[in-house]
Amino acid sequence: MSKPSDLLTMKPSRFIDFLKANSINRFYFIYDEENSKLVASHQVLQSIADTITNNSPDFTKHEGMFFQLSDEYDVLMSAFVHKTNRGQAAGGLRFWQYQNMDDFFADGMRLAQGMTRKNALANLWWGGGKGIMIHNQDLDKNNPEYRKSIYRNYGRFISSLNGCYVTAEDVGTCEADMANIFSQTRFTTCIPSSFGGSGNPSAATALGVVCGMEAAIEFLNLGTLKNKTVAIQGMGNVAEPMMSYLFERGVKQIIAADINPELVKKVQNKYSNQNLHARLVDIGDNSILFEDCDILAPCATGAIINQQTIPKIQAKIICGAANNQLLSSESDSLLLKEQGITYVPDFLVNRMGIVNCADEQAGYVQNDSFFERHLQKDYEFSIYQTTLRVFKQSALNNATPAAIAIQLSDELAEQTNPIYGYRGIEIIRSLKESHWHNESP
Ligand code: NAD
């Protein structure tokens, strides 16, 4: 290990000042296959590229990472392209804050690789990528003028990348933001339905998670969802429709918790004639994870399944929509296995959001088979079939489901798009050759 770059310890606001002081408006890190290292667009930033190449556990030969300062408001915009064998790097845009630049780069790389895996496991002809905009803490992120400006700016940034990354909605980004992005670029999905897009995918995501629960129950020989108790963390866009699907399938009881009083009230009213126990909790109150239940469905935030929480979990199955539920994929999935808890990997079951976006350009039909097959039992790559396959292989190989799911998705991610294989790498190469970083945005 070499000494980490000092630039990585900087707070984002200081790093942005550093960029401005060096007259850097755009920069990139591109993987140089020949020398097995990331190359920075600017010599002054090469120490970051070297630290990532040599020290970062999240760097897995990401093909390219692109960054630009917004025209106003000092927002750092980014596009992380992990792997494009299967097609353009696709994944959502996060609007978030970070303690320091190290956390930001690590999160971008981890999320982009996660999208490669999710897209490959869903058998979509897409590679994996992720966008992040670092929120300027000095500004009110709910101000519509601010949002309009930066999301339109992000759209222009994406256009400049010539299609190696295709963006979508993610944490911190909403439908109105997607409309602003779409006004500036064609390289986006999750377009509002008023513009001919596929709209909010959350109900489909919920149904996909329920398919994962059904597969886990089948694998464990526990019958069906009928008469089961399900504990859900969160009552948001995914969790709320999930409750309907679960009650439809005859669950005995749902216990749910959220930090938002309005949502708790809404859910209590909607399901007032069902056996639902919905409670308001403080941030940091994770008691919902420890309920006496058959299935635990984390549908709020990530990293809540960890060495502290696992010993107290009573559920036999964990299956939810939240991204990156395990704090540490390796050690936490092992501990879950030791505790006899069947964990359904999140990126396997929460795919319907991206599936919903995947065929946007191909138009719409009623009961679209390209969409529906992911929710059916007989399609080889459906959520149900893939979950069963992962469990069977994990039992056979005495490995954790998370490890098997990663192995399967990494194998699929090596497959090359039958029409556009390696085009992403070609686009990145041409951006480098045309000195993208020196062009004025
Ligand atoms: P959402 O923001 O609508 O809902 C999340 C809910 O969790 C909110 O109501 C929030 O108040 C609550 N919450 C936050 N922290 C909490 C805590 N500590 N305890 C209890 N509740 C808490 O988000 P969503 O669209 O429903 O997505 C839920 C999760 O699933 C997220 O992690 C998201 O990234 C992931 N996901 C969503 C989709 C989708 O289609 N919406 C697709 C893939 C993954």
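First residue of the sequence shown: 45, per the working numbering; consecutive thereafter.
Yeah, the Cβ is synthetic: ideal placement off N, Cα and C, and Gly gets one too.
Computed from a predicted model, the values in this text were never measured in an experiment.
Nearest-angstrom Cα separation, counted from Arg130 out to Glu107 | 13 angstroms
Under the assumption that Asn99 contacts Pro48 (Cβ atoms under 8 angstroms), give the Cβ distance between them as a whole number of angstroms.
-> 6 angstroms
In DSSP terms, what Gly173 is bridged to | In the DSSP assignment, Gly173 is bridged to Val125.
In whole angstroms, what is the alpha-carbon distance linking Ala359 and Thr444?
-> Within the model, the alpha-carbon separation for Ala359 versus Thr444 is close to 17 angstroms.
Three-state class that DSSP yields for Thr386 in the structure shown = strand
In DSSP terms, what Met109 is bridged to | Phe73 and Phe124
Check each candidate in Asp338, Asn330, Asp221 and Ala322 and name the one with the smallest Cα separation from Leu269.
-> Asp338
Pick out whichever of Met287, Val295, Lys381 and Gly199 has its Cα sitting closest to the Cα of Val308.
-> Met287
Inspect the beta-carbon positions of Gln277 and Ala301 and report whether they are closer than 9 angstroms.
-> Inclusion of Gln277 and Ala301 in the CB contact set at 9 angstroms is warranted, their separation being smaller than that value.
Please confirm whether Phe226 and Gly256 have their CB atoms less than 9 angstroms apart.
-> no
For the beta strand (DSSP E) that contains Ile299, what are its first and last residues?
-> In the DSSP annotation of this structure, the continuous segment of the beta strand (DSSP E) that includes Ile299 starts and ends at Gln297 to Asp302.
For the candidate residues Asn281, Leu370 and Gly158, whose alpha-carbon lies nearest to that of Ile348?
-> Leu370
Paired residues, beta bridge with Phe334 - DSSP = According to DSSP, Phe334 bridges with nothing at all.
Do the segment 243–256 and the segment 396–407 touch if we need at least three Cβ pairs shorter than 8 angstroms?
-> Contact holds: three or more Cβ-Cβ distances are below 8 angstroms.
Option nearest Phe239 by Cα separation, candidates Gly252, Asn224 and Glu455 = Among Gly252, Asn224 and Glu455, the Cα nearest to that of Phe239 belongs to Asn224.
Measuring CA to CA, which of Met159, Asp147, Glu116 and Gln141 is closest to His126?
-> Met159
Cβ contact (3+ pairs, closer than 8 angstroms) linking the segment 109–124 and the segment 185–203 = yes
Taking C-beta to C-beta, are Ile471 and Gly207 nearer than 9 angstroms?
-> yes
Secondary structure, beta strand (DSSP E): runs of 3+ residues fully inside the segment 183–238 = none
State the DSSP-derived secondary structure class of Lys47, mapped to helix, strand or coil.
-> In this structure, Lys47 counts as coil in the three-state DSSP scheme.
Contact belief for Tyr209 with Ala84 at Cβ below 8 angstroms, rounded distance in angstroms | Going by Cβ atoms, the distance from Tyr209 to Ala84 rounds to 18 angstroms, so no, they are not a contact pair.
Under 6 angstroms Cβ to Cβ from Thr229, same chain only, skipping five residues before and after it: list those, please.
-> Gly199, Ile202 and Ser203
Using CA coordinates, which residue listed in Leu137, Thr53 and Asn186 is at the minimum distance from Asn144?
-> Thr53
Where Leu320 sits in the DSSP three-state scheme = strand
Using the C-alpha atoms, what's the distance from Pro355 back to Asn304?
-> 27 angstroms
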